[in-house]
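Notes to accompany the following structure.
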Amino acid sequence: MKKINLYNVTCNTDDNYVQHCCVMLCSLFENNKDISFHIHILTHNLSHKSTDILEKLVIRYHHKITIYTVDESKLEGVVFRKNRPLTKAAYYRVLLPEILDISIEKILYLDCDIVVVGEVKELFEFDLTEYALAACEDPAPYTSLHRRQLNMALDSKAFCSGVMMINLMYWRDHAATEKLLTYSKKERGEVYLHDQDSLNYVFKGKWLKLAYKWNKTPLSIVPLDADQKKFDMDEFLNHPIILHYASPLKPWSNVWFPERKEYVRYLALSQYPDPKIQKISIMKRVFYYKNIFRYFANRYLRPFIPRFIEIILVDILILLRLIYILIFKPRKLNKILFNIWLSRYK
Numbered sequence: 354m355k356k357i358n359l360y361n362v363t364c365n366t367d368d369n370y371v372q373h374c375c376v377m378l379c380s381l382f383e384n385n386k387d388i389s390f391h392i393h394i395l396t397h398n399l400s401h402k403s404t405d406i407l408e409k410l411v412i413r414y415h416h417k418i419t420i421y422t423v424d425e426s427k428l429e430g431v432v433f434r435k436n437r438p439l440t441k442a443a444y445y446r447v448l449l450p451e452i453l454d455i456s457i458e459k460i461l462y463l464d465c466d467i468v469v470v471g472e473v474k475e476l477f478e479f480d481l482t483e484y485a486l487a488a489c490e491d492p493a494p495y496t497s498l499h500r501r502q503l504n505m506a507l508d509s510k511a512f513c514s515g516v517m518m519i520n521l522m523y524w525r526d527h528a529a530t531e532k533l534l535t536y537s538k539k540e541r542g543e544v545y546l547h548d549q550d551s552l553n554y555v556f557k558g559k560w561l562k563l564a565y566k567w568n569k570t571p572l573s574i575v576p577l578d579a580d581q582k583k584f585d586m587d588e589f590l591n592h593p594i595i596l597h598y599a600s601p602l603k604p605w606s607n608v609w610f611p612e613r614k615e616y617v618r619y620l621a622l623s624q625y626p627d628p629k630i631q632k633i634s635i636m637k638r639v640f641y642y643k644n645i646f647r648y649f650a651n652r653y654l655r656p657f658i659p660r661f662i663e664i665i666l667v668d669i670l671i672l673l674r675l676i677y678i679l680i681f682k683p684r685k686l687n688k689i690l691f692n693i694w695l696s697r698y699k
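Here it is as C-alpha cells:
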C-alpha cells in the first residue's frame with residue numbers, strides 16, 4: 354500500500370536501551386504500514402554500533418531517521434531522586450522545541466519500554482490548538498508532599514509522560530523549555546517522577562486526556578475512572594493500542610506474563626543482534642508470579658464466583674491478616690484497619 358503522509362515520532366535512548374528502542378520502533382512500523390514515519394532519536398554519546406543498528410532497522414522499513422546528539426550542558430543542575438536515580442536522558446525531551454526544526458509542529462513521544470500493537474494515526478488527528486499535549490491520566494500525586502510540589506488542587510489530575518502527543522507550537526509560543534528547565538533544577542527535597550513532574554507542573558490544566566487504550570500497563574484489568582464509557586473499558590482490556598511496560602516487571606526479564614509475548618515477537622522481527630534477557634532473583638520471581646496469579650484470578654475466576662461466597666472468603670482472609678499483623682507487626686495495625694475500612698466504604 355502506498356504511504357501517504359509523514360508522521361513525526363521521537364524517543365530518548367542510550368546504548369543500554371537500544372534493544373528496547375528497536376522493539377518499540379519495529380512494533381510501530383509493523384502495525385502502521387500505510388504511513389511513513391520520520392523518527393527523531395535523542396541521545397548522547399551513542400556508540401557507532403547502536404547508531405548503525407537503529408539506522409538499518411528504520412531504513413529496512415523504508416522510513417526516515419534523524420539522530421540528535423543532545424547538549425547535556427543545558428541540563429546541568431536538574432535534580433534526581435536518591436533511590437533509583439535516572440540519567441540526564443530522562444530530561445532530553447524538555448529540549449524538543451530547541452532541537453527539532455521549527456517546521457515540525459506536532460510530534461508523538463514514546464518511551465522505549467513500549468510495544469505498539471495498533472494504528473497510531475488517530476493520535477495525530479486530535480486538535481491540540483489549545484493544549485500543550487495529549488496523554489493518559491496517571492495515579493500521581495502519590496503523597497501530600499508530591500501534591501504540594503506540583504501545586505495541584507485536590508481535584509486536579511496528572512498525566513503519564515510515557516506516551517505524549519506533543520503540540521510543539523504551543524511549547525514554543527509559551528516558552529515551555531525555559532519553564533521546564535527552571536522547575537527541573539528546583540531543589541524540592543524528595544524527587545518523585547523527574548521530568549514527568551516538571552511536565553505536570555508546567556502544563557497543569559493544559560493537556561488533553563486520552564483514553565487508556567493509548568497507554569496500557571500490563572497485568573491491569575480496567576482503570577477505576579468514572580470518566581470512561583463502557584466502550585473505553587472494552588478497548589483498554591481487549592483492544593489496546595499501546596502497551597507500556599512501566600512497572601518494575603519488564604518483558605526483557607526471565608519472568609513470564611501474558612503481554613511479554615508481544616515484546617518477544619517484535620524483538621525477533623527487529624533482528625536485533627544478540628539480545629539480552631535480564632535474570633531475576635528467585636525471590637523477586639516469586640513476588641512477580643504472585644501478582645500474575647492475582648491478575649488471572651481477578652480477570653478469569655472472580656466473575657464466576659457467587660457474591661456471597663466471595664464476601665465470606667474475603668472476610669476470612671481479612672481476619673487471618675489481622676491476626677498476623679497483631680502477632681508480628683502490631684505497629685501497622687492502624688494502617689491495615691484504615692485500608693480495610695476504605696475497601697468497605699469507598
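The working numbering numbers the first residue of the sequence shown as 354 and each following residue consecutively. By construction, the Cβ of each residue, glycine as well, lies at the ideal position given by its N, Cα and C atoms. What you are looking at is a predicted structure, and each value in this text was computed from that prediction instead of being measured.
Under the 10 Å beta carbon count, ASN644 is surrounded by fewer than 16 other beta carbons and is classified as exposed. Distance check between PHE477 and each of CYS379, HIS499, LEU521 and TYR445 places LEU521 closest, using alpha-carbon atoms only. Annotation: the stretch 373 to 442 contains the following complete segments of the beta strand (DSSP E) (minimum length 3 residues), in chain order: 389 to 396 and 417 to 422.
If you draw a straight line from the Cα of ALA579 to the Cα of MET586, it is about 11 Å long. Nearest C-alpha to THR496 among ASP526, SER514, LEU546 and THR530: LEU546.
DSSP places MET505 in no alpha helix (DSSP H); its state is neither H nor E.
Cβ atoms of CYS489 and TYR565 come within 8 Å of each other, at about 6 Å.
With respect to LEU486, PRO494 sits apart: the two C-beta atoms are not nearer than 8 Å. Within the DSSP bridge table, the entry for TRP560 names LEU486 as partners. In the structure shown, LYS569 adopts extended strand secondary structure according to DSSP, grouped into three states. The three-state secondary structure of ALA511, taken from DSSP, is strand.
Each residue's CA atom was taken as its position, placing LEU381 and VAL468 some 7 Å apart. In this structure, MET518 lies near LYS459, with their beta-carbon atoms less than 8 Å apart. The three-state reading of DSSP puts LEU654 in helix, counting H, G and I together. Put simply, the backbone Cα of HIS416 is about 11 Å away from that of HIS393. Per the C-alpha coordinates, the member of SER573, SER606, ASN385 and ILE455 positioned closest to ASN591 is SER573. Taken through DSSP and simplified to helix, strand or coil, LEU577 comes out as coil. With respect to SER403, VAL371 sits close: the two C-beta atoms are nearer than 8 Å. In terms of Cβ geometry, LEU561 and LEU449 do not form a close pair [threshold 8 Å]. About 19 Å separates the Cβ atoms of ASP491 and CYS364, ruling out a contact at the 8 Å cut-off. In terms of Cβ geometry, TYR462 and ARG446 form a close pair [threshold 8 Å]. Counting along the chain, LEU463 sits inside the beta strand (DSSP E) bounded by residues 459 to 463. VAL544 has its alpha-carbon roughly 14 Å from the corresponding atom of THR440.
For GLN549, the three-state secondary structure derived from DSSP is helix. For a cut-off of 8 Å, the C-beta gap from TYR616 to TRP609 is around 11 Å, too long to register as a contact. GLY558 is classed as exposed because its beta carbon has fewer than 16 other beta carbons within 10 Å across all chains shown.
About 4 Å separates the CB atoms of PRO571 and GLU612; that is less than 8 Å, so the two are in contact.
Of the other Cβ atoms in all chains shown, fewer than 16 fall within 10 Å of the Cβ of LEU507; this residue is therefore exposed.
Between ILE412 and the set CYS375, ARG638 and GLU663, the nearest pair of CA atoms involves CYS375.
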